[in-house]
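Have a look at the structure below before the remarks.
Residue numbers (UniProt numbering): 1 to 347.
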């Protein structure tokens, strides 16, 4: 087929809609799929993609292709109006996931493959653009839906830019293209929408946004195209489920107002008072048990008696000391004591 893209889904779209023949997304994928230069001798991929781990013979050539692709990315992205390196890295991310879709997980060499992407990106000064290239660890069916949402959305953006330059026949095909997109989306959201959002919420949101903007754009053209609305999703009420899975307890409490504030204050007081009371009761019961049923009780009583005996002895000695005949003339009720004074001169 002439102008075949590097992806089966893109191939099907291009076959149905002729105006997509110049789609930059398709051209980038063609570049990805072209045979690459042979790498002779030892290279980084031989060290990273180790033979002791599974699927090394499948993943190592992909790693070597990534090296070449990133090396040439700044050149290959200069295709028509496409000059965004970050987009090139996004396309590379989907292309990579498609290439390893049949590799069973967990697989150490998949992690090593994405490590190589990071190293090559740094080497070619693309680290800021390719920071989102990472393993899309979902099922193959989920990946296909995620990828199609992404591709459809990319084409919406391109249609807005190129619509006025399209031949009349191609402009008419745009209506059919939007019918296909809306059917895909509506079928998707009516089947476990909340579960789908957990997997590709950003793709769904971006699809909605670009679809509405493109619909508004086309309706304002001289030859307006009637485009269907997307099915609403507010009815599915996924907000609560997302709060449970993504927000912490404090964040969920901040959503509640009014009576929730007084409940929070009451709960705070209870949280402080109840543990203190329970602790005091526990200590009392523990001491009671020790006193009644363990040697601690008799030992404590013995220590108390011993202490009382010591004080009694001290008291008796003090009394004996005060009863000394030399102290008989001292009046203990008088705060003044008479002290005999002898002058040095009398000596």
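Where a beta carbon is used, it is the ideal one built from N, C-alpha and C, also for glycine.
Beta-carbon proximity of residue i to residue j, cut-off 8 Å
i, j, result
"residue 120", "residue 70", "yes"
"residue 85", "residue 73", "yes"
"residue 190", "residue 109", "no"
"residue 170", "residue 19", "yes"
"residue 197", "residue 238", "yes"
"residue 114", "residue 137", "no"
"residue 230", "residue 186", "yes"
"residue 184", "residue 152", "yes"
"residue 175", "residue 100", "no"
"residue 44", "residue 89", "no"
"residue 211", "residue 147", "no"
"residue 91", "residue 17", "no"
"residue 188", "residue 145", "yes"
"residue 233", "residue 200", "no"
"residue 179", "residue 98", "no"
Cβ neighbour criterion (16 or more within 10 Å) applied to residue i
i, result
"residue 112", "buried"
"residue 218", "buried"
"residue 62", "buried"
"residue 221", "exposed"
"residue 116", "buried"
"residue 224", "exposed"
"residue 133", "buried"
"residue 128", "exposed"
"residue 276", "exposed"
"residue 381", "Residue 381 cannot be examined here, being either before or after the span of the chain that is shown, 1 to 347."
"residue 155", "buried"
"residue 286", "exposed"
"residue 67", "buried"
"residue 281", "exposed"
"residue 283", "exposed"
"residue 204", "buried"
"residue 12", "exposed"
"residue 215", "buried"
"residue 105", "exposed"
"residue 59", "buried"
"residue 274", "exposed"
"residue 279", "exposed"
"residue 298", "exposed"
Span of the alpha helix (DSSP H), counted from its first residue to its last, around residue i
i, result
"residue 233", "Element bounds for residue 233: n/a, residue is neither H nor E."
"residue 85", "85 to 99"
"residue 106", "First-last for residue 106: undefined, no H or E at that position."
"residue 25", "24 to 33"
"residue 146", "140 to 162"
As assigned by DSSP and simplified to three states, the class of residue i
i, result
"residue 50", "coil"
"residue 128", "coil"
"residue 111", "helix"
"residue 5", "coil"
"residue 133", "coil"
"residue 224", "coil"
"residue 191", "coil"
"residue 55", "coil"
"residue 281", "helix"
"residue 238", "coil"
"residue 69", "helix"
"residue 61", "helix"
"residue 367", "For residue 367 there is no data in the structure shown, the boundaries of the chain being 1 and 347."
"residue 10", "helix"
"residue 166", "coil"
"residue 244", "The predicted model places residue 244 with a pLDDT of 47, which falls under 50 and marks its position as unreliable; any figure quoted below should be read in that light. Correct three-state label for residue 244: helix."
"residue 43", "coil"
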